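Note that the working numbering has the sequence shown beginning at 481, numbered continuously upward. Glycine included, each C-beta is placed from N, C-alpha and C at the ideal position. Every value quoted in this text rests on a predicted model; they were computed, and no experiment measured them.
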Amino acid sequence: MNQLKITKSSGNVYIDLGFPPEEAAILAMRSELMCRLEILIRDKEWTQAEAAQVLGISQSRVSDLIRGKFEKFSLDMLITLATRAGKKVELKMAA
Numbered sequence: 481m482n483q484l485k486i487t488k489s490s491g492n493v494y495i496d497l498g499f500p501p502e503e504a505a506i507l508a509m510r511s512e513l514m515c516r517l518e519i520l521i522r523d524k525e526w527t528q529a530e531a532a533q534v535l536g537i538s539q540s541r542v543s544d545l546i547r548g549k550f551e552k553f554s555l556d557m558l559i560t561l562a563t564r565a566g567k568k569v570e571l572k573m574a575a
């Protein structure tokens, strides 16, 4: 019988997947912003066309955002979109 091995997470899935720490930090921030933007769009009950108008991007870009195609969005762009949606984005450094 095989034993299931459980490894404790580092807290960042991208580090756990083997990405270098600096890349993992950026990937985690991008993922977090994309999730929050998708939740905002859903909570506001915006259509993709309405979200596109508010965010200042095309409807197809909103579709990419909702579908989680984070490779298509830089951290800078995601911060811009969150700001356009009326959200304040802050960066905090842990000790």
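Cβ contact check for the segment 526-541 and the segment 555-567: 3 or more pairs under 8 Å: When C-beta atoms of the segment 526-541 are compared with those of the segment 555-567, three or more pairs fall below 8 Å, so the two segments count as touching.
Under the three-state reduction of DSSP, which class applies to K552: helix, strand or coil? In this structure, K552 counts as helix in the three-state DSSP scheme.
Using a Cβ distance threshold of 8 Å, determine whether the segment 543-554 contacts the segment 515-527, with at least three qualifying pairs required. Put simply, the segment 543-554 touches the segment 515-527. At least three CB pairs are less than 8 Å apart.
Per DSSP, what kind of secondary structure is K524 in: helix, strand or coil? Here K524 sits in helix by DSSP.
Can you tell me where the alpha helix (DSSP H) with R541 in it begins and where it stops? If you look at R541, you'll find it in the alpha helix (DSSP H) that goes 539-546.
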